[in-house]
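Engineer: There's a structure below that I have some questions on.
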Amino acid sequence: MVALRKPLWIAKPNVEELAEACHAGPLNTVSEIKAVVEKYDIKVENLVISRGKHGAVLLRADGYFSGSVPEAGRIIRTVACGDHLLAGFSHGLWNAMIPSVALKQGLALAAARAVSENMEIFDSGKFSDLLNQTIVKPL
Numbered sequence: 001m002v003a004l005r006k007p008l009w010i011a012k013p014n015v016e017e018l019a020e021a022c023h024a025g026p027l028n029t030v031s032e033i034k035a036v037v038e039k040y041d042i043k044v045e046n047l048v049i050s051r052g053k054h055g056a057v058l059l060r061a062d063g064y065f066s067g068s069v070p071e072a073g074r075i076i077r078t079v080a081c082g083d084h085l086l087a088g089f090s091h092g093l094w095n096a097m098i099p100s101v102a103l104k105q106g107l108a109l110a111a112a113r114a115v116s117e118n119m120e121i122f123d124s125g126k127f128s129d130l131l132n133q134t135i136v137k138p139l
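Residue numbering for the sequence shown follows my numbering, beginning at 1 and increasing consecutively.
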């Protein structure tokens with residue numbers, strides 16, 4: 001919890017890690033996530049909270065966003081999906097994408113990893129398809 005109160009550029013806990021850090025019960029809704037972040041005065045500039053099959057939430061001083069990939073396909077593995085979400089999102093910001101578009105890119109990248117048959121090969125066509133299906137909306 002101490003780290004989340006520091007002026008960090010980015011952090012990406014999953015919803016369970018955020019709940020544990022804040023000594024909160026299960027955080028099942030976006031409203032519950034927002035309430036915990038506001039209650040504990042979390043200072044992270046780009047707080048990306050992964051929610052498994054429910055996508056992710058991005059909380060920033062200039063706006064809150066929620067995103068998901070509705071029809072990614074059959075999930076094969078979730079190992080490293082959070083890392084892919086973070087990589088896609090931070091790559092987008094470093095390349096001057098607006099935050100909601102960077103979140104969309106991160107979600108599509110994570111979903112492409114989750115449905116990949118082979119961990120050693122990245123399917124850029126699948127990523128493009130999922131990018132077109134990914135929905136990000138302001139909260």
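Heads up, the beta-carbon is just placed ideally off N, CA and C, and yes, glycines get one too.
Using only the alpha-carbon positions, how far apart do residue 98 and residue 61 sit?
Structural biologist: 14 angstroms
Engineer: Does DSSP classify residue 60 as helix, strand or coil?
Structural biologist: strand
Engineer: Alpha carbon to alpha carbon, how far is residue 70 from residue 108?
Structural biologist: 10 angstroms
Engineer: Rounded to whole angstroms, what's the CA-CA distance from residue 32 to residue 121? Just pull it up for me.
Structural biologist: 37 angstroms
Engineer: Starting from residue 141, follow the beta strand (DSSP E) in both directions and report where the run begins and ends.
Structural biologist: Look at the range of the chain in this structure, 1 to 139, and you will see that residue 141 is not part of it.
Engineer: So residue 155 and residue 64 are in contact, right, with Cβ under 8 angstroms, and what is the actual spacing, rounded?
Structural biologist: This structure cannot speak to residue 155, because the chain is shown only from 1 to 139.
Engineer: Taking only three categories from DSSP, how would you classify residue 90?
Structural biologist: Looking at residue 90 - three-state DSSP - the assignment turns out to be helix.
Engineer: Comparing C-alpha positions only, which one of 11, 28, 52, 104 sits nearest to residue 44?
Structural biologist: 11
Engineer: Suppose contacts are defined by Cβ-Cβ distances below 8 angstroms. Is residue 116 in contact with residue 76 by that definition?
Structural biologist: yes
Engineer: How is the beta strand (DSSP E) around residue 217 delimited, first residue to last?
Structural biologist: Residue 217 falls outside the range modelled here, since the chain spans only 1 to 139, and no answer is possible.
Engineer: Taking the alpha-carbon positions, what's the residue 2 to residue 53 distance?
Structural biologist: 28 angstroms
Engineer: Work out the CA separation of residue 48 and residue 35 for me, nearest whole Å.
Structural biologist: 15 angstroms
Engineer: Using a Cβ-Cβ cut-off of 8 angstroms (strictly less than) and excluding sequence neighbours within five positions of residue 19, which residues of its own chain qualify?
Structural biologist: 25, 26, 27, 36
Engineer: Grouping DSSP H, G and I as helix and E and B as strand, with all else coil, what is residue 106?
Structural biologist: helix
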